[in-house]
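The block underneath contains the structure these notes are about, expressed in structure tokens.
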Ligand code: SF4
């Protein structure tokens with residue numbers, strides 16, 4: 016598999032925010048979001064076998080693993096990696112919403128989907144068939160830059176009757192107060208959450 020980094024940190028986004036987690040970051044992405052904060056994962060990375068990855072993960076004292084990217088579903092061996100991890104770890108996988116998740120939702124893990132809003136420039140790449148597959152244990156994150164993104168995201172909840180956890184996350188933590196006030200005014204049942212790692216480490220990486 017093409018791996019950019021493996022590191023131990025706290026979960027910075029979504030319903031598991033703040034929980035100590037091992038991150039496996041896969042290299043390569045099929046999208047080019049305007050506000051991408053992991054551009055270094057678009058190219059590069061190095062070939063690491065699943066056995067080598069399991070060894071490295073097993074050395075870390077942590078029960079949770081998040082597979083992220085880039086876009087991890089581009090990796091040929093991704094299901095093999097998941098199946099190796101789920102026997103011993105609580106696993107989550109972050110995916111960008113453009114690739115079929117039907118094999119993921121058959122497994123004992125949390126699917127964390129970043130649904131691309133208008134400001135990303137990638138919303139037309141979203142595969143809406145995925146939305147009906149998300150389970151109660153899964154989450155969908157809408158990264159929101161402005162009021163247009165907010166309305167787009169609110170409409171998606173109604174249009175697809177989402178059954179999973181819904182997160183509204185401001186781009187770069189910038190307009191979180193505004194988004195929180197819009198959510199309260201509109202009576203939406205979603206979580207408004209920042210990116211915690213950016214508050215704690217201000218962009219520094221926590222690589223082992
Ligand atoms: S899908 Fe994720 S990694 Fe890919 S460009 Fe968008 S934000 Fe960056």
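Numbering (my numbering), first residue to last: 16 to 223. We put the CB at the ideal spot given by N, CA and C, even for glycine.
By the beta-carbon neighbour count (other beta carbons within 10 angstroms, threshold 16), residue 217 is exposed. Taking C-beta atoms as the reference points, residue 82 and residue 39 count as a pair closer than 8 Å. Going by beta carbons, residue 48 and residue 17 fall outside the 8 Å limit. Spatial neighbours of residue 92 in its own chain (CB-CB distance under 8 Å, excluding positions within 5 residues in sequence) are listed in chain order as 16, 65.
Judged by DSSP secondary structure, residue 79 falls outside any alpha helix (DSSP H) and instead within the beta strand (DSSP E) spanning 79-83. A Cβ-Cβ separation of about 19 Å leaves residue 102 out of contact with residue 87 under the 8 Å criterion. For residue 164, the distance from the CB to the nearest heavy atom of the ligand SF4 is not below 7 Å.
The straight-line gap separating the alpha-carbon atoms of residue 118 and residue 202 is approximately 34 Å. Taking 3 residues as the minimum length, the beta strand (DSSP E) runs contained wholly in the stretch 158-216 are 180-185, in order along the chain. In this structure the stretch 94-101 touches the stretch 118-129; the number of beta carbon pairs closer than 8 Å is three or more.
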